[in-house]
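What follows is a single structure, written as structure tokens, with notes after it.
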């Protein structure tokens, strides 16, 4: 992923109003992010536990989406698997994140969801740069590059379902 700035991110939101985009929490450490190892930028809002954000290049442009994190109360022994990177996490390490669709569907209240690593570190898990506290990654015959391609394909499909304008 190419490095992005705060103004780039705020202008890229597709599923919220301009006012919501301006009020959205944006991380202050954008310059320190490992951009070469990121397929998307994902972050949580530290002031609102049920809000997260994701930004990626999609359809030839930067697209950012606001996501809601579903309430969950899993026991530590329960496990969940991320839909993008296939990393298994215990407890609340995987969350259902939903985003309002754009256009008429979004105005009608339609949303789509996906199970993601709660810390949104999927790109780093696939590359072996971050390890889950417990749980782990499946042993696969795919190369890291093939796993990255799969992650990007699943991410693109999710963003396509959110963003009518990209159709």
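Residue numbers (the numbering used here): 16 to 182.
Backbone N, C-alpha and C define an ideal beta-carbon position, used for all residues, glycine too.
All of these numbers come straight from a predicted model, not from anything done at the bench.
At least three beta-carbon pairs within less than 8 Å, the segment 16-27 to the segment 47-61
yes
Nearest-angstrom Cα distance between residue 35 and residue 25?
Translated into positions along the chain shown, residue 35 becomes position 20. Translated into positions along the chain shown, residue 25 becomes position 10. Roughly 9 Å between the two C-alpha positions.
Let me check one thing: in DSSP terms, what residues is residue 58 bridge-paired to?
In the chain shown, the residue the question calls residue 58 occupies position 43. Paired residues: 68.
Length at least 4, wholly inside the segment 73-125: the alpha helix (DSSP H) runs in chain order
118-122
Going by the CB atoms, is the gap between residue 67 and residue 194 shorter than 8 Å?
This structure does not reach residue 194, given that the chain is present from 16 up to 182, and the question cannot be answered.
Give me the residue from 63, 119 and 42 with the minimum Cα distance to residue 57.
Residue mapping note: residue 57 aligns to position 42 of the chain shown, counting from 1. Here the closest residue by C-alpha is 42.
Would you say residue 102 and residue 130 are within 8 Å of each other, going by their C-beta atoms?
For the purposes of this step, residue 102 is identified with residue 87 of the chain shown, where counting begins at 1. For the purposes of this step, residue 130 is identified with residue 115 of the chain shown, where counting begins at 1. Cβ distance not < 8 Å, so residue 102 and residue 130 don't count as in contact.
DSSP beta-bridge partners of residue 132:
Working through the chain shown from its first residue, we reach residue 132 at position 117. According to the DSSP secondary-structure assignment, residue 132 is paired through a beta bridge with 109.
Measuring only the C-alpha atoms, how far is residue 156 from residue 171?
Against the chain shown, residue 156 aligns to sequence position 141. Against the chain shown, residue 171 aligns to sequence position 156. Going by the C-alpha atoms only, they are around 23 Å apart.
Between which two residues does the alpha helix (DSSP H) harbouring residue 21 extend?
Counting from one through the chain shown, the residue named residue 21 turns up at place 6. Counting along the chain, the alpha helix (DSSP H) containing residue 21 begins and ends at 21-27.
Measuring CB to CB, does residue 84 end up less than 8 Å from residue 177?
Position 69 of the chain shown, counted from the start, is the residue given in the question as residue 84. Position 162 of the chain shown, counted from the start, is the residue given in the question as residue 177. No; because the gap between Cβ atoms is not below 8 Å, this pair is not in contact.
Note down the Cα distance separating residue 111 from residue 23, rounded to an integer number of angstroms.
As a first step, residue 111 must be located in the chain shown, where it is residue number 96. As a first step, residue 23 must be located in the chain shown, where it is residue number 8. The alpha-carbon atoms of residue 111 and residue 23 are separated by roughly 26 Å.
Spatial distance of residue 72 from residue 168 (CA atoms):
Along the chain shown, read from residue 1 onward, the residue named residue 72 stands at position 57. Along the chain shown, read from residue 1 onward, the residue named residue 168 stands at position 153. Approximately 12 Å between the Cα atoms of the pair.
Under the three-state DSSP convention, the category residue 18 falls into:
One-based indexing of the chain shown puts residue 18 at position 3. Three-state DSSP puts residue 18 in coil, outside helix and strand.
Which residue from 175, 144, 45 and 142 puts its Cα closest to that of residue 118?
Here residue 118 corresponds to residue number 103 of the chain shown, with the count starting at 1. Checking every option, the nearest Cα to that of residue 118 belongs to 175.
Neighbourhood of residue 165 by C-beta distance below 6 Å, restricted to the same chain and skipping five residues each side
Locating residue 165 in the chain shown gives position 150, counting from the first residue. Once the five neighbours on either side are set aside, residue 165 has no close Cβ partner at all.
Distance, residue 48 Cα to residue 59 Cα:
On the chain shown, position 44 is the one that residue 59 refers to. On the chain shown, position 33 is the one that residue 48 refers to. Taking the Cα positions, residue 59 is about 15 Å away from residue 48.
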